[in-house]
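Numbering (full-length UniProt numbering), first residue to last: 1 to 572. As structure tokens, the structure follows; a few thoughts come after it.
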């Protein structure tokens, strides 16, 4: 496809699709269909046989169910057919994108062409329109137009290069048209950490601090050490064990004494769990007629019985040393291997599984309580908004009614005049003197009202001031109540978070960094442990300065190191 002028992906995909479908030179390992005994059977090419006549034969294996070989046969090339193409269109399309640096005409990457011996010389029909410059294919016509534009820009006193924004002309940049590249789109972070490039606005990232590795046990035992210690600490009440620190446990594993209290109690607690389960280990002890009580003298015998039951070759070789009373002489790998197997079998017992089920139910109940409180708070907020909205609408209606009736003095006077007219109609038979006297009384009443208006206005002003003061007081009270309720909600959140941590089912890593190293934190140890991607190297950070330097080295633009994953969990 070098220098081919296909106008679109479908054309080149169809061309490659046809070439692969009509593939005649089969290869060893190809799975296709062979014709035999008027039937078509799935088969795999095992060997290409040259018979010297010019015809190539193929030794194939006929495949049955689950691709199991049923028999071998030798078939001619015309008896082998592809029922499906070896590559689909999606794979071909991605392969084309990775292999080419330009389309129409299509140009392969220079290194890829050299690797497969593909010529990079332009064919005769393209030399009049294109030429190679720095390994890139350049259009002669567009190159000439750009040079003319640059010359015009220099003649007009411009900076030397002809630049025109897309917003001014409505056309994209000429250099991007020449290279047939789309405009750069802003990167939406976070992205894969290995693809993140430093930007001008990025903070100064420090170098990743090297973790401490001063462990007493070998490096390949750290994972088992942490797993056994975390299990014994998490289920200490079920095991009837007093919690112990990781440092004490590590020193006990490395100690050469055979009857250390910490080692004896840990083994005894795990063995008692297996005995109470009435499982395979309990039956093995009954067959040997052993007592169910484990003591400081007999605990090694129960350990040997357990090793006989699991029958692990690496650990069974330690039984002779243990029976002689020299458990302390075992290396750390063997000691932690025995404890690891005990923990794995203890996890399958009904007692531990029942405890896990209880923890799961408690976590679900806590989660339901948290969700219920959140829904109740949202409901109250919604009701308050609706109430405020209704009050504001009521005030608007009241003000409008006051403006239309009570606050208009002309309407009041008209009301009085209407009353006078009614009285005149009713008392039309009375004398004119009585009417005149009534008019005089009405005028005196109006004068009194006019005299009282300033007093009423003063009272209205004082009432409005008092209402404003009351509003301010109520507003301050509401703010105080909101602050108190917010503090209460935060306290509740912290409480539920602590309760969830107390009922943790298993310890999960905090996250990963750009190199896929995993970070671990255990509630009963203050250190942050680092596990390499292949689980062969371990380290830890314990000082505040080391943790701060670690945080400063994490780039939040990466998916693994973003604040929502590793960085955020380390901070919390």
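Ideal placement from N, C-alpha and C gives every residue a C-beta, glycine not left out. These figures come from a predicted structure and were not determined experimentally.
Three-state class that DSSP yields for residue i in the structure shown
| i | result |
| --- | --- |
| residue 597 | Outside the shown range of the chain, which is 1 to 572, sits residue 597, and nothing can be said about it. |
| residue 429 | With a pLDDT of only 46 at residue 429, under the threshold of 50, the placement of this residue in the model should not be trusted; the figure read from the coordinates follows. Three-state result, residue 429: coil. |
| residue 226 | helix |
| residue 118 | coil |
| residue 573 | Since the displayed the chain opens at 1 and closes at 572, residue 573 lies outside it and no answer follows. |
| residue 234 | helix |
| residue 217 | coil |
| residue 81 | strand |
| residue 107 | strand |
| residue 438 | Caution is warranted here: a pLDDT of 47 is assigned to residue 438, below 50, making its placement in the model unreliable, and no coordinate value can be reported. |
| residue 553 | helix |
| residue 258 | coil |
| residue 27 | coil |
| residue 294 | coil |
| residue 199 | coil |
| residue 503 | coil |
| residue 524 | coil |
| residue 485 | helix |
Proximity of residue i and residue j at Cβ, strictly below 9 Å
| i | j | result |
| --- | --- | --- |
| residue 516 | residue 529 | no |
| residue 69 | residue 56 | no |
| residue 503 | residue 388 | no |
| residue 276 | residue 349 | yes |
| residue 321 | residue 327 | yes |
| residue 221 | residue 336 | yes |
| residue 300 | residue 496 | no |
| residue 363 | residue 500 | yes |
| residue 294 | residue 268 | yes |
| residue 562 | residue 281 | no |
| residue 235 | residue 115 | no |
| residue 519 | residue 513 | yes |
| residue 581 | residue 270 | Residue 581 lies beyond the stretch modelled for the chain, which goes from 1 to 572, so this question has no answer here. |
Continuous alpha helix (DSSP H) stretch holding residue i: start and end
| i | result |
| --- | --- |
| residue 244 | Where residue 244 is concerned, there is no enclosing alpha helix (DSSP H), given that its DSSP letter is neither H nor E. |
| residue 313 | 313 to 316 |
| residue 301 | 299 to 310 |
| residue 273 | 261 to 276 |
| residue 528 | First-last for residue 528: 528 to 531, but that is the beta strand (DSSP E), not the alpha helix (DSSP H). |
| residue 540 | That residue, residue 540, is in no alpha helix (DSSP H); its beta strand (DSSP E) goes 538 to 541. |
| residue 206 | Taken as a continuous stretch (DSSP letters only), residue 206 belongs to no alpha helix (DSSP H), as it is neither H nor E. |
| residue 322 | 319 to 323 |
| residue 281 | 280 to 287 |
Range covered by the beta strand (DSSP E) that runs through residue i
| i | result |
| --- | --- |
| residue 72 | 69 to 76 |
According to DSSP, residues forming a beta bridge with residue i
| i | result |
| --- | --- |
| residue 42 | 33 |
| residue 57 | 49 and 76 |
| residue 558 | 191 |
| residue 63 | 69 |
| residue 511 | 519 |
| residue 212 | 540 |
| residue 474 | None, per the DSSP bridge assignment. |
task = Flag this pair as touching only if the segment 543 to 562 and the segment 221 to 237 have three or more C-beta atom pairs under 8 Å; answer yes or no.
result = Of all C-beta pairs linking the segment 543 to 562 to the segment 221 to 237, fewer than three are shorter than 8 Å, placing the two stretches out of contact.
message = With a threshold of 8 Å, are at least 3 pairs of Cβ atoms found where one atom belongs to the segment 186 to 202 and the other to the segment 311 to 329?
response = no
key: Given 8 Å, three or more beta-carbon pairs between the segment 28 to 46 and the segment 58 to 72   = yes
query = Are the segment 371 to 387 and the segment 254 to 272 touching by the rule of at least three beta carbon pairs closer than 8 Å?
reply = no
task = Say whether the segment 203 to 215 touches the segment 478 to 490, bearing in mind that this needs 3 or more beta-carbon pairs closer than 8 Å, one atom from each stretch.
result = no
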